[in-house]
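Enquirer: Let me begin by handing over the structure; questions about it come next.
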Amino acid sequence: MTMAENTALELVAANGRPVRHTDLADAPLAVRELTVSYGQKPAVFSLDATFAPGRLAAIVGPNGAGKSTFLKAALGMVPKLSGQVIVFGQPLAAARHRIAYVPQRASVDWDFPTRVIDVVLMGMYRQLGLLRRVSAKQRDAALACLARVGMEDFSDRQIGQLSGGQQQRVFLARALAQDADLYLLDEPFAGVDAATERAIIDVLKAIRDEGRTVVCVHHDLTTVAQYFDDVLLLNVHKIAEGPVEDVFTAENLQKTYGGRLAAVHIDQLRLDPQ
Amino acid sequence: MFETLLDAFLFRAGYNAALVTVGTTLLGIAAGSTGTFIFLRKRALISDAVAHATLPGVGIAFMVLVALGGDGRNLPALLAGSALSAWLGLLAVQWISRRTRLAEDAAIGAVLSVFFGGGIVLLTVIQTMTTGRRAGLEEFLLGATAGMLFHDAVFIAAAGLLVLTLVIALRRAMTLVAFDPGFATSVGISVARTDLAMMALTMAVTVVGLKLVGLILIVAMLIIPPVAARFWSDSTNSVVWIAGLIGGTSGFLGAALSASAPDLPTGPIIVLVCFALFAVSITFAPQRGLFAAMLRYRAFHRHVHRRQGLLALARGEEILDPVTVSVLRKAGLVRRDGVATEAGRAQAARILRDERRWDIARQIHRDEAVINRQDILRPIEDVLTRDEIAEIDRRIGPPEAVPS
Amino acid sequence: MSTGRPDRKSRTAAFWRRACTALAAAVFAVTAQLPVTSAQAGPAKLHVVATTSMIADAARQVGGEEVRVRELMGPGIDPHAYRQTRTDIAAMTRADLVLWHGLYLEAQLEEFMHKLAQRRSVVAVAESLPKDRLLRHDDYANQYDPHVWMDPQMWTGVVAAVRDALIAARPNARATFEANAARHIAEVEALAAYAADTLRSVPEQTRYLVTAHDAFNYFGRAYGFEVIGIQGISTESEAGLNRIAELVSLLVEKNVGAVFVESSVSDRNVRALIEGAAARGHKVSIGGELFSDAMGADGTYEGSYVGMLDHNVTTITHALGGTAPARGMNSRLSAGS
């Protein structure tokens, strides 16, 4: 499938209403003309996207579409070829302390000598700095974060002794400990059991209800409408962005996934949000 | 001989031995703590390349000193030269692994052998130089502690304390970068600068250790202590200080041992002591050691057979596995002919009830946390509260006896 | 496949081939002009290669104008550790006569020398000495202490062996060699007499010679000194901590006031010894630098065998409380010995 025909897409709303634009200064995360490439291959090309505050947003697209790359570029973890990343109206370096990042699970060494509580305390690095000792209050705050994800009894376990879903919860707890305004999660539901998935989405919705913003790279199309408020459809280029009910349409999904998604599956996705 | 050993431990074996022991102990503590982060960051082999890369620097520094009119014996200058070429070696490894298609281990091998070979060539050339007192440069290979002087000990103490201070100051950043560099970047820690600091500390330890244990063996002092310490703890901070302790103890014991008998070279003895401590750790550490793992496995093995055997008894099934029969028999739960004893029947009834309760519990509590606390080793009374068990008992009825 | 003009790649390859051929030809032409040996106009001299500078000195004394001597190990070089370089091998294979010490002094060259002896004239000059006059090695059962040049009387035997080797290589110069050898042996015997006289003046209780390694056993035997080296007979052995402690006790017990460093060996062990003694309240100073396995700088008096031993004897005597002329036997020692 050639991307040429998609370069001139506008934001499309299924019922004809124009999509809400957010002022740049309010937007927790906005990118303009972002291009990231690995070697000579572009992973993300000339992307313009804006995320609205206080919403739960999904980034959706086929494999290799640049979703994880987009997050990493937004955080400065991979270098960008061109474009701007604007966080709460400021450049990344100035507003970094307001972002929390939950990476994909596979990238961590599970034999590392660190316990669950230690991982959560890593999230408090901003308060602790290089030298300050961990106070009892901070320890309690860390345990509270673990309690929010249901892992308070596991605080002294070494991380390699946890199941996949438990590990994911611990990393979410670490992000909670950062007390951030913007949460970026890379496929938080990949490979977790049903109970963990429920626990995670409950926490994410709770964070959103507190007024914070959550952006997830999401792999499971069947749950997009159910979990998320907004969605960004991405396949190296932006296909569409906006509220789920407006943007998550069969037409947009066809454009995003090309021929990979049969029409019948798209029908099954049109579930009412719960 | 035992008395001389004791004297050595108590710093009574003479001034020179005491000096060396203090130096090697400090080196051991500094090397063990620094080495933990290299080990966690999976850069152990690079530290070996860096150590071997010091050799040409020593040779070049000597030649420069002689060219400037000295006799080439200025220790700080030689060590500065060694540090410089070690740094170049590190840059070479990074450049090769980033700019060419070679993997990092190939880059390390290339740099290690080329720099070290170059150093040996320089030493051979120097041996033909008629000016300057060359004698003593080969001591950098395996160390030479007998000739340690007071100002050497002062230098080692100062450098060791500096390294320790920096390790303590940077431990949080280095831990974060070693564990999750992506997360570290996202909270604003510069991974590149932290790695640089870590390698600089490694280089400082290497340079300090050149005269004590030599460049060939210093990597052992960096890597063996944290590997051994890993068996004693799951918390990074604990691993760091335990590694420092193991390193310091090796330095102390090794120096004392080499002072107690003639013809024992200090550097290699220290490394052997360090390895002995590692062997003890891997074998006898509680929970993570081989011994503990073996005991745990055998207990688990017995427990599984016991439970299965008792369940079979309770359900009136024949026990087919001879190991199961043997386990039950040793516990006094069955007789020689395979028939259950009084105690056996009582236990079987209990196990059957426990199994039934767990069945119900799994249905009621879909909550993963509870299910995770269930394993074959824990009876349900340890996991659920009394009223929860009462609720379960309501559903399954009263306990049943096992027929004989 | 394209026809006609060859494509860019094969043109580049052809260029490089031609360039390399031209370069090789040029190098060959230049090196072919270089003389294989630096022969001079006039009667051809006997080319001798010697390992240690002491042997080279003896060869020059005996050979005179008939020989050109080249030594492998200059001042400050340690023969125990010396490994031959390619230049050395080239020189030795082109020489008319190779003289080496033997008795495992040049430990790293042993195998090479034995192989070379099958193709060239190679003589181990110290191995011709009668074995009953040699001292046994402390650590190895069938080995001897090689430091025979420390006793001038023993060295006269080596000079004789050098003379015999030169005669065998150039028989028609026999008369010259015999005359030179006789003259030099007389010098060495005068040196032996001077040494005996001078060292006799050192009081009995201070006759302890503490040096960096065990190079002075023959000296000790000849002149009645107790010789203690921190390292063993070879500098390749490492002195352990235990040895230092042992020696510190010895220095304190025997009230030894001076120890000696050597020109070809590191002085760290000696300095450590001094610090150790100081920690026990006993002051020891460095009595001077001795020439143990190598001679002094080329062109100086100490750069000859006689000068080397003269320096050693005079320095030791001064440091240990004996009387000796300030500038040595021939008043030729540099000031400050």
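Protein chains in written order, with the working numbering: chain A, 1 to 274; chain B, 1001 to 1404; chain C, 2001 to 2337. Don't be surprised by glycine CBs; every beta carbon is placed ideally from N, CA and C. Here the structure is a predicted model, which means the values were calculated and not measured.
(1) Taking all protein chains shown into account, do 16 or more other C-beta atoms lie within 10 angstroms of the C-beta of residue 1398 of chain B, making it buried, or fewer, making it exposed?
(2) Let me know if residue 2092 of chain C comes out buried or exposed under the rule of 16 or more other beta-carbons within 10 Å of its beta-carbon.
(3) Is there at least one Cβ from chain C nearer than 9 Å to residue 1260 of chain B's Cβ?
(4) Give the C-beta separation of residue 2256 of chain C and residue 2286 of chain C to the nearest angstrom, bearing in mind that I take them to be a contact with Cβ-Cβ under 8 Å.
(5) Go through the segment 1051-1081 of chain B residue by residue and report every complete run of the alpha helix (DSSP H) that reaches 4 residues or more, in order.
(6) Where DSSP assigns a beta bridge to residue 237 of chain A, which residues make up the other side?
(7) What's the gap between the Cα of residue 162 of chain A and the Cα of residue 155 of chain A?
(8) Against chain A, with Cβ distances strictly below 9 Å, would residue 1233 of chain B count as a contact?
(9) For the beta strand (DSSP E) containing residue 1321 of chain B, list its first residue and its last residue.
(10) Check for me: the beta strand (DSSP E) holding residue 2228 of chain C runs from which residue to which?
(11) Which residues share a DSSP beta bridge with residue 2262 of chain C?
(12) Please check if any C-beta of chain B sits within less than 9 Å of the C-beta of residue 2023 of chain C.
(13) What is the DSSP secondary structure of residue 218 of chain A, counted as helix, strand or coil?
(14) So does the segment 2227-2235 of chain C actually touch the segment 2137-2152 of chain C, counting three or more Cβ pairs closer than 8 Å?
(15) Ends of the beta strand (DSSP E) at residue 72 of chain A?
(16) Would you call residue 233 of chain A buried or exposed, if buried means 16 or more other Cβ atoms sit within 10 Å of its Cβ?
(17) For a cutoff of 9 Å on Cβ pairs, would you count residue 181 of chain A as touching chain B?
(18) Mapping DSSP to helix, strand and coil, what is residue 2080 of chain C?
(19) With a threshold of 7 Å on Cβ separation, who are the neighbours of residue 174 of chain A within its own chain once the five nearest residues in sequence on each side are excluded?
(20) Rounded to whole angstroms, how far is the Cβ of residue 2104 of chain C from the Cβ of residue 1127 of chain B, which I believe are closer than 8 Å?
(21) CB-CB under 8 Å to residue 2295 of chain C, same chain, minus the five flanking residues each way: which ones, in chain order?
(22) Determine which residues of the segment 1180-1204 of chain B have a Cβ less than 7 Å from any Cβ of chain A, and write them out in chain order.
(23) Counting only the same chain and skipping the five closest in sequence on each side, list residues whose C-beta sits under 7 Å from that of residue 1275 of chain B.
(24) Is the CB-CB distance between residue 1400 of chain B and residue 1353 of chain B below 9 Å?
(25) Once you ignore the five residues that flank residue 54 of chain A on each side, which residues in its own chain have a CB closer than 8 Å to its CB?
(26) Can you pull the chain A neighbours of residue 1236 of chain B, defined as C-beta to C-beta under 8 Å?
(27) Answer with buried or exposed for residue 63 of chain A, where buried requires no fewer than 16 other C-beta atoms within 10 angstroms of its C-beta.
(28) Based on DSSP bridge pairs, tell me the residues matched to residue 2071 of chain C.
(29) Cutting at 7 Å between CB atoms, please list the residues of its own chain near residue 2192 of chain C, excluding the five before and the five after it.
(30) State the DSSP-derived secondary structure class of residue 1396 of chain B, mapped to helix, strand or coil.
(31) Given this structure, state the Cα-to-Cα distance separating residue 1338 of chain B from residue 1325 of chain B, to the nearest angstrom.
(32) Per the DSSP calculation, residue 50 of chain A is bridged to which residue(s)?
(33) Which of the residues in the segment 2066-2083 of chain C, read from start to end, lie with their CB under 9 Å from any CB of chain B?
(34) What separation, rounded to the nearest whole angstrom, lies between the Cα atoms of residue 1209 of chain B and residue 1033 of chain B?
(35) Who are the near neighbours of residue 2337 of chain C in its chain, counting only those whose CB is closer than 6 Å to its CB and skipping five residues on each side?
(36) According to DSSP, is residue 224 of chain A part of a helix, a strand, or is it coil?
Expert: Well, looking at it:
(1) If you number the second sequence from 1, residue 1398 of chain B lands on position 398. That one is exposed.
(2) In the third sequence, residue 2092 of chain C corresponds to position 92, counting from 1. It counts as buried.
(3) The residue labelled residue 1260 of chain B in the question sits at position 260 within the second sequence. It does: the Cβ of residue 1260 of chain B has a partner Cβ on chain C nearer than 9 Å.
(4) What you label residue 2256 of chain C is simply residue 256 of the third sequence in a count that begins at 1. What you label residue 2286 of chain C is simply residue 286 of the third sequence in a count that begins at 1. Contact flag wrong, Cβ pair sits at about 12 Å.
(5) 1054-1067
(6) Counting from 1 along the first sequence, the entry for residue 237 of chain A is found at position 237. Answer is A:235, bridged to residue 237 of chain A.
(7) Stepping through the first sequence from its first residue, residue 162 of chain A is reached at position 162. Stepping through the first sequence from its first residue, residue 155 of chain A is reached at position 155. Computed Cα separation, rounded: 11 Å.
(8) Looking up residue 1233 of chain B in the second sequence gives position 233. Yes, contact with chain A.
(9) As a working note, residue 1321 of chain B is residue 321 in the second sequence. From DSSP, residue 1321 of chain B is part of no beta strand (DSSP E); its letter is neither H nor E.
(10) If you number the third sequence from 1, residue 2228 of chain C lands on position 228. Residues 2226-2231.
(11) The residue labelled residue 2262 of chain C in the question sits at position 262 within the third sequence. In the DSSP output, where bridge partners are listed per residue, residue 2262 of chain C has C:2290.
(12) In the third sequence, residue 2023 of chain C corresponds to position 23, counting from 1. By this cut-off, residue 2023 of chain C is not an interface position.
(13) The residue labelled residue 218 of chain A in the question sits at position 218 within the first sequence. Here residue 218 of chain A sits in coil by DSSP.
(14) yes
(15) On the first sequence, position 72 is the one that residue 72 of chain A refers to. It is not in any beta strand (DSSP E) - residue 72 of chain A instead sits in the alpha helix (DSSP H) that spans 67-74.
(16) Here the question's residue 233 of chain A lines up with position 233 in the first sequence. The residue in question, residue 233 of chain A, is buried, as its Cβ has 16 or more Cβ neighbours within 10 Å.
(17) In the first sequence, residue 181 of chain A corresponds to position 181, counting from 1. No - not a single Cβ of chain B is within 9 Å of the one on residue 181 of chain A.
(18) In the third sequence, counting from the first residue as 1, residue 2080 of chain C sits at position 80. Reduced to three states, the DSSP call for residue 2080 of chain C is coil.
(19) For the purposes of this step, residue 174 of chain A is taken as the residue at position 174 of the first sequence. Only 119, 120, 122 and 123 meet the Cβ criterion.
(20) For this step, residue 2104 of chain C is matched to residue 104 along the third sequence. For this step, residue 1127 of chain B is matched to residue 127 along the second sequence. Incorrect: roughly 18 Å between the Cβ atoms, too far for contact.
(21) Reading the third sequence from its first residue, position 295 is the one you call residue 2295 of chain C. Excluding positions up to five away in sequence, the list reads 2053, 2054, 2057, 2075, 2302, 2303, 2304, 2305, 2307 and 2308.
(22) 1180, 1182, 1183, 1185, 1186, 1187 and 1188
(23) Walking along the second sequence from the start, residue 1275 of chain B turns up at place 275. Hits under 7 Å: 1224.
(24) The count along the second sequence starts at 1 and reaches residue 1400 of chain B at position 400. The count along the second sequence starts at 1 and reaches residue 1353 of chain B at position 353. Cβ atoms of residue 1400 of chain B and residue 1353 of chain B: closer than 9 Å.
(25) For the purposes of this step, residue 54 of chain A is taken as the residue at position 54 of the first sequence. 208, 211, 212 and 213.
(26) For the purposes of this step, residue 1236 of chain B is taken as residue 236 along the second sequence, with counting starting at 1. Result: 112, 113, 114 and 118.
(27) Here residue 63 of chain A refers to the residue found at position 63 when the first sequence is read from its first residue. Classification of residue 63 of chain A: exposed, given that the 10 Å Cβ count is below 16.
(28) Here residue 2071 of chain C refers to the residue found at position 71 of the third sequence. DSSP output for residue 2071 of chain C lists C:2050 as bridge partner(s).
(29) Taking the third sequence and counting its residues from 1, the one referred to as residue 2192 of chain C is at position 192. So the list reads 2152 and 2153, once near-sequence residues are dropped.
(30) Taking the first residue of the second sequence as position 1, residue 1396 of chain B is located at position 396. Three-state DSSP puts residue 1396 of chain B in a helix.
(31) In the second sequence, the residue the question calls residue 1338 of chain B occupies position 338. In the second sequence, the residue the question calls residue 1325 of chain B occupies position 325. Approximately 7 Å between the Cα atoms of the pair.
(32) Counting from one through the first sequence, the residue named residue 50 of chain A turns up at place 50. In DSSP, residue 50 of chain A forms a bridge with A:30.
(33) 2072, 2073, 2074, 2075, 2076, 2077, 2078, 2081, 2082 and 2083
(34) Counting from one through the second sequence, the residue named residue 1209 of chain B turns up at place 209. Counting from one through the second sequence, the residue named residue 1033 of chain B turns up at place 33. When rounded, the distance between both Cα atoms is 14 Å.
(35) As a working mapping, residue 2337 of chain C is identified with position 337 in the third sequence. In this predicted model, residue 2337 of chain C has a pLDDT of only 46, less than 50, meaning its place in the structure is not dependable enough to derive any value.
(36) Here residue 224 of chain A refers to the residue found at position 224 when the first sequence is read from its first residue. Residue 224 of chain A: helix per DSSP, three-state reduction.
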